[in-house]
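**Q** Here it is, the structure in full.
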Amino acid sequence: MTISADPSQSSPYITFDTALCTGCGKCIKACPTKAIRLYNDNPTCLTNNCIRCGECLRVCPAGAISITTYELEALRKDKVSIALVSPVLYSQFKGVMPNDILMAIKKIGFHNAMDPSSYIEMFLYAVEEYIAKNRITGLSPWPLISPVCPVVMSLIAYQFPNLLPHLMPIMRPVFLLAKETRERISWEYKINKDAIILYHLTPCPAKLVPIRSSFAREISLVDRTMGIKDVYAQISVQLNQMKKNGIEASMDGPEPPKISGNCLRWGTAGGEIAGIDSDKTLAVSGLRETITYLEKIEMGLFKDIEYIEFRICPEGCVGGALNAVDKYMAKNTILKMLKKFGPERNMPLDKVLPRYENIWALSDMTPDELQRIFGVYKEHISIEQLQEIEKILKQIQGKDCSICGAPDCRTFAEDVVTGKAKLHDCVMLRKRETDKVLENK
Amino acid sequence: MPFVKSFNIKRRDFVRAGEASINIQNILKSLNMDPKLIRRIAICGYEGEMNVVMHGGDGVLKLEIDTGKIVLDISDNGDGIEDIELAMQKGYSTATEEHREMGFGAGMGLPNMKANSDVLRIKSEKSNGAHVHMEFYVY
């Protein structure tokens, strides 16, 4: 594993099991930021180029790549463990009502399970407010880009720093949820804030990482993250038991949380903009499409669009790598549930505004800070090096075969110029040399 | 010695239109140029490319990186521009119905290029191709 020059900036995201790795090179080609190399059959990830999209995990046929994660530890008895639920969790159990799922989470050992519905609605209000304000002030450039998908944020910081001013400067719902939950629980239970551990149950592999230190301001609001598939079996067992015993969530507690349709569809592509009151919106999902659209925005297109929702995973968060069920099944579950819950917001605007004006809904991060936060950066080259690269490209006349271990010839040439690879590793070059020798015989 | 690279542009190739500009962007990004400058160059490159795709014949987009300035040179052997002064006006367009249906032809191409470049020179004659020369100063 390559360790970055400045370990405080970032930590390794993926690890390779060299015993399982066949050296097929699928991951090098799949990586959108060209962060993986396979020189001398030794897979490495350039941590500073990694945006944690998880594409390499998806394509590896040998299962040799795994994400660096925290092991699911036993819930500690001396602390208050609270589960912060991702809306996608509701899509994983067909025909089960969200409140029953929340109850099952409590039964597996959490003190409480928090539903994000009202925070998602608050986020939607905040987005609408900001769009309306921006129509007058023109402070941010159109189109505004959704800050929800963490990989999209990293991708923009890494490859499209130009577009950082387009990011909607609003905190993501889960962090709003975390912040208020910690305050409320500590007040309700009369305990110290340190005695509360917030677990985020999420389908998102990008959120699982040991936290990049400078990202702390936002992330430290959540203490641990757990993949949905890691708790899926336990929740299923509890749900079955509840069914047998005839327990329904509505019996439990004075007032079960009101689940909103806005929350349910949040996990599917287009679910975010569906709840936003503007016609000039777009929803784009999938890695390649996202990159194509970001390139187009960078060239000055889509100025007539106000808000774009990007999701790296196909079909949105239901396509997240840490889900237990297939994305299309999950999507179906959500669409069927939506009929019951409807698209209306449960929370009235006058209840949101006082809290919203306390500014906690708006994050105060500037684009510069954001770029630092994600700890991704490109190495830069000089004009001379660029000329050298073009010369090497002409010399090798390659076919982007990746046999050398770089994703394409251009990257290989860059690596040669910056001293990471040797020109001699190019098989095309060697073949032509051998051909010449054979001809002369 | 300046760095020079040429990209071919094909008439009516709407699918690949914009690729040269993306390539140029990536080159400039790797050189750690000012993001705002890159954006201006990208916008000009894209507008120029679209002009060739819509009105030009086959064309060439040449990128030249030198100390102090970056040059985009776009030439084609297509329809040419009949009245350059008119074409420079905002909203004036000779785009066909087909182009408009695809979302182009707002008549902002040349004005956009003028607004985003430091030097813009256009040489053209009716049905004798067009040559657009743009310079961007690097401070």
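Keeping their order, the protein sequence lines are chains A and B. All the letters of the first sequence, read from the start, carry residue numbers 3 to 443 under my numbering. All the letters of the second sequence, read from the start, carry residue numbers 4 to 142 under my numbering. Glycine included, each C-beta is placed from N, C-alpha and C at the ideal position.
Starting from Lys380 (chain A), find everything on chain B with Cβ-Cβ shorter than 9 Å and list it in chain order.
**A** Here residue 380 (chain A) refers to the residue found at position 378 of the first sequence. Neighbours of Lys380 (chain A) on chain B, chain order: Lys32, Ser33 and Asn35.
**Q** Can you tell me whether Ile221 (chain A) is helix, strand or coil according to DSSP?
**A** The count along the first sequence starts at 1 and reaches residue 221 (chain A) at position 219. With a pLDDT of 48 at Ile221 (chain A), under the threshold of 50, the predicted position of this residue should be treated as unreliable, though the coordinate-derived value follows. The answer is helix: DSSP assigns Ile221 (chain A) an H, G or I state.
**Q** Which term fits Met301 (chain A), buried or exposed, when burial requires 16 or more other beta carbons within 10 angstroms of its beta carbon?
**A** For the purposes of this step, residue 301 (chain A) is taken as residue 299 along the first sequence, with counting starting at 1. Under this definition Met301 (chain A) is a buried residue.
**Q** Would you say Ile383 (chain A) lies against chain C (beta-carbon separation less than 7 Å)?
**A** Among the protein chains of the structure shown, namely A and B, there is no chain C.
**Q** Taking 7 Å as the CB-CB cut-off, is Asn164 (chain A) touching chain B?
**A** By one-based count along the first sequence, residue 164 (chain A) stands at place 162. It does: the Cβ of Asn164 (chain A) has a partner Cβ on chain B nearer than 7 Å.
**Q** Alpha carbon to alpha carbon, what distance is there between Asn51 (chain A) and Arg39 (chain A)?
**A** Along the first sequence, one-based indexing puts residue 39 (chain A) at 37. Along the first sequence, one-based indexing puts residue 51 (chain A) at 49. Looking at the two C-alpha atoms, the distance is approximately 12 Å.
**Q** Going by beta-carbon coordinates alone, are Gln161 (chain A) and Val327 (chain A) separated by less than 7 Å?
**A** The residue you call residue 161 (chain A) lines up with position 159 of the first sequence. The residue you call residue 327 (chain A) lines up with position 325 of the first sequence. No, Cβ-Cβ distance for Gln161 (chain A) and Val327 (chain A) is not below 7 Å.
**Q** From Val224 (chain A) to Leu203 (chain A), what does the alpha carbon distance come to, in whole angstroms?
**A** By 1-based counting over the first sequence, the position of residue 224 (chain A) is 222. By 1-based counting over the first sequence, the position of residue 203 (chain A) is 201. Approximately 11 Å between the Cα atoms of the pair.
**Q** Over what stretch of residues does the beta strand (DSSP E) that includes Arg313 (chain A) continue unbroken?
**A** Locating residue 313 (chain A) in the first sequence gives position 311, counting from the first residue. Residues Tyr309 to Arg313.
**Q** Just to make sure I have the definition right: I need the residues of chain B whose C-beta is within less than 8 Å of the C-beta of Leu388 (chain A). Which are they?
**A** Against the first sequence, residue 388 (chain A) aligns to sequence position 386. Under a criterion of Cβ atoms nearer than 8 Å, the residues of chain B adjacent to Leu388 (chain A) are, in order, Phe6, Ile30, Ser33, Leu34 and Ile68.
**Q** Short check: CB of Gly157 (chain A) to CB of Tyr309 (chain A), under 7 Å?
**A** By one-based count along the first sequence, residue 157 (chain A) stands at place 155. By one-based count along the first sequence, residue 309 (chain A) stands at place 307. Position check: residue 157 (chain A) holds Leu in this sequence, whereas Gly was assumed. No.
**Q** Could you give the uninterrupted runs of the alpha helix (DSSP H) lying entirely in the stretch 374-441 of chain A, keeping only those of 4 residues or more?
**A** 385-398 and 411-419
**Q** Counting only the same chain and skipping the five closest in sequence on each side, list residues whose C-beta sits under 7 Å from that of Glu85 (chain B).
**A** As a first step, residue 85 (chain B) must be located in the second sequence, where it is residue number 82. Around Glu85 (chain B): Lys129.
**Q** Does the Cβ-Cβ distance between Leu284 (chain A) and Ile261 (chain A) come in under 7 Å?
**A** The residue labelled residue 284 (chain A) in the question sits at position 282 within the first sequence. The residue labelled residue 261 (chain A) in the question sits at position 259 within the first sequence. No, the Cβ-Cβ distance between Leu284 (chain A) and Ile261 (chain A) is not below 7 Å.
**Q** Is there a C-beta anywhere in chain B that falls below 7 Å from the one on Glu291 (chain A)?
**A** The residue given as residue 291 (chain A) occupies position 289 in the first sequence. No, because no Cβ of chain B sits closer than 7 Å to the Cβ of Glu291 (chain A).
**Q** Can you list the alpha helix (DSSP H) stretches of 4 or more residues lying completely in the stretch 154-199 of chain A, in chain order?
**A** 175-190
**Q** Please work out which residues of its chain come closer than 7 Å, Cβ to Cβ, to Ile314 (chain A), disregarding the five sequence neighbours upstream and downstream, and give them in chain order.
**A** As a first step, residue 314 (chain A) must be located in the first sequence, where it is residue number 312. Excluding positions up to five away in sequence, the list reads Cys55, Cys151, Val153, Val154, Leu289 and Thr292.
**Q** Can the beta-carbon of Glu311 (chain A) be found less than 7 Å from the beta-carbon of Ser142 (chain A)?
**A** Sequence index remark: in the first sequence, residue 311 (chain A) carries index 309 (1-based). Sequence index remark: in the first sequence, residue 142 (chain A) carries index 140 (1-based). Contact flag unset, no.
**Q** Hey, is the stretch 112-131 of chain B in contact with the stretch 12-21 of chain B, meaning 3+ C-beta pairs nearer than 8 Å?
**A** no
**Q** Determine the chain A residues that contact Gly21 (chain B) at a beta-carbon separation under 7 Å, and present them in chain order.
**A** Numbered from its first residue, the second sequence carries residue 21 (chain B) at position 18. The contacting residues are Met301.
**Q** Which of the three DSSP states is assigned to Met349 (chain A) in this structure?
**A** Along the first sequence, one-based indexing puts residue 349 (chain A) at 347. Coil at Met349 (chain A), not helix or strand.
**Q** In the stretch 37-59 of chain B, which residues sit with their C-beta less than 9 Å from some C-beta in chain A, listed in chain order?
**A** Pro38, Lys39, Ile41, Arg42, Ala45, Ile46, Gly48, Tyr49 and Glu50
**Q** Quick one: does Ser127 (chain B) have its CB under 7 Å from some CB of chain A?
**A** The residue you call residue 127 (chain B) lines up with position 124 of the second sequence. By this cut-off, Ser127 (chain B) is not an interface position.
**Q** DSSP has Arg39 (chain A) in a bridge; who is on the other side?
**A** Start at 1 with the first residue of the first sequence, and residue 39 (chain A) comes out as number 37. Note: Arg39 (chain A) sits in a beta bridge opposite A:Thr46.
**Q** Given a cut-off of 7 Å, decide if Leu179 (chain A) and Arg267 (chain A) are closer than it, judged by their beta-carbon atoms.
**A** Reading the first sequence from its first residue, position 265 is the one you call residue 267 (chain A). Reading the first sequence from its first residue, position 177 is the one you call residue 179 (chain A). Not in contact: Arg267 (chain A) and Leu179 (chain A) (Cβ atoms no closer than 7 Å).
**Q** Taking the beta strand (DSSP E) that Thr20 (chain A) belongs to, which residues open and close that run?
**A** The sequence position of residue 20 (chain A) within the first sequence is 18, counting from 1. Counting along the chain, Thr20 (chain A) falls outside any beta strand (DSSP E), and DSSP gives it neither H nor E.
**Q** Is there a C-beta anywhere in chain B that falls below 7 Å from the one on Glu308 (chain A)?
**A** Position 306 of the first sequence, counted from the first residue, corresponds to residue 308 (chain A). Not closer than 7 Å to any Cβ of chain B, the Cβ of Glu308 (chain A) fails to qualify, so no.
**Q** Grouping DSSP H, G and I as helix and E and B as strand, with all else coil, what is Leu113 (chain B)?
**A** Within the second sequence, the letter at position 110 stands for residue 113 (chain B). If DSSP states are grouped into helix, strand and coil, Leu113 (chain B) belongs with the helices.
**Q** For the 8 Å Cβ check, are there 3 or more pairs between the stretch 267-278 of chain A and the stretch 233-251 of chain A?
**A** no
**Q** In this structure, does DSSP put His113 (chain A) in helix, strand or coil?
**A** Position 111 of the first sequence, counted from the first residue, corresponds to residue 113 (chain A). Secondary structure at His113 (chain A): coil, using DSSP grouped into helix, strand and coil.
**Q** Which residues in chain B sit within 8 Å of Glu392 (chain A), going by Cβ to Cβ distance?
**A** By one-based count along the first sequence, residue 392 (chain A) stands at place 390. Simply Phe6 and Lys8.
**Q** Name the DSSP bridge partner or partners of Thr335 (chain A)?
**A** Residue mapping note: residue 335 (chain A) aligns to position 333 of the first sequence, counting from 1. Paired residues: none, contrary to the question.
**Q** Assign Val439 (chain A) to buried or exposed, taking buried as 16 or more other Cβ atoms, counted over all protein chains shown, within 10 Å of its Cβ.
**A** The residue labelled residue 439 (chain A) in the question sits at position 437 within the first sequence. Label assigned to Val439 (chain A): exposed.
**Q** Residue range of the beta strand (DSSP E) that Gly229 (chain A) falls in?
**A** Here the question's residue 229 (chain A) lines up with position 227 in the first sequence. Looking at the DSSP string, the run of the beta strand (DSSP E) that includes Gly229 (chain A) is Arg226 to Gly229.
**Q** Measure the alpha-carbon distance for Lys109 (chain A) versus Arg174 (chain A) and round it to whole angstroms.
**A** Walking along the first sequence from the start, residue 109 (chain A) turns up at place 107. Walking along the first sequence from the start, residue 174 (chain A) turns up at place 172. Approximately 28 Å, taken between the alpha carbons.
**Q** Take the Cβ of Tyr127 (chain A) as the centre, count every other Cβ of all protein chains shown within 10 Å, and call the residue buried at 16 or more, exposed below.
**A** Translated into the one-based positions of the first sequence, residue 127 (chain A) becomes position 125. When all chains shown are included, Tyr127 (chain A) counts as buried.
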